[in-house]
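First comes the structure, then the notes that go with it.
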């Protein structure tokens, strides 16, 4: 693990409360898809962990939700281009397994970030492993990176994804909770590795459902926030 400065290069608002922050670091760092950085916030001294959405070793992209009254997320999302912040990297054991096993990714909100990192790693390695991503948000306005997922789907024929809206019913999108996908055992049986990231309630419900379906615990990998 190293402690190095991350310099903010760009900041984009993806939704009303989700930001994409892109940083560079002075030296190349090797990380595994799914790992995170522990930032030390300069003003408050607070420490906050954020999953890496994508990196080439020197440029790091994060997708961060600015939580109302959240001191840490508000401070990091208020950084200006050119400012730096100290980060400890790499951290975390929620990582992509390098296997040919078909993979199902289930994420809600900014739990998207580490799963997206894993999907990008599959794309860049050209492994062509069968994979499917269920991305859950409340309403369509809460979604992001759909164009990027569509790009990957066109390029990577064994990858597919769907957007699931829990509070809005719109044609072309799934309606309901991400766990609804698991109601069909035949669908679940297409996969042998399961990666989950999102709220504790979602992760717990999904793990319980997979256990009911007979999926061995050692095939389920998860992170919650």
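Numbering (this note's numbering), first residue to last: 108 to 332. We put the CB at the ideal spot given by N, CA and C, even for glycine.
Neighbour-count burial assignment, residue 142, 16 or more Cβ in a 10 Å radius
buried
Determine the closest residue to residue 268 out of 166, 320, 258, with distance taken between C-alpha atoms.
258
Could you tell me whether the region 282–293 touches the region 311–321, using the rule of 3 or more Cβ pairs below 8 Å?
yes
Among 110, 161, 174, whose alpha-carbon lies nearest the alpha-carbon of residue 255?
161
As an exercise, report each continuous beta strand (DSSP E) stretch of at least 3 residues that is fully enclosed by the region 178–246, in chain order.
191–198, 210–215, 238–244
Comparing alpha-carbon positions, which option in 320, 266, 301 lies nearest residue 292?
320
Answer yes or no: do residue 225 and residue 307 have a C-beta to C-beta separation smaller than 7 Å?
no
Collapsed DSSP secondary structure at residue 166 in the structure displayed
strand
Excluding the 5 residues flanking residue 280 on each side, which residues of the same chain have their C-beta closer than 8 Å to its C-beta?
247, 269, 270, 271, 272
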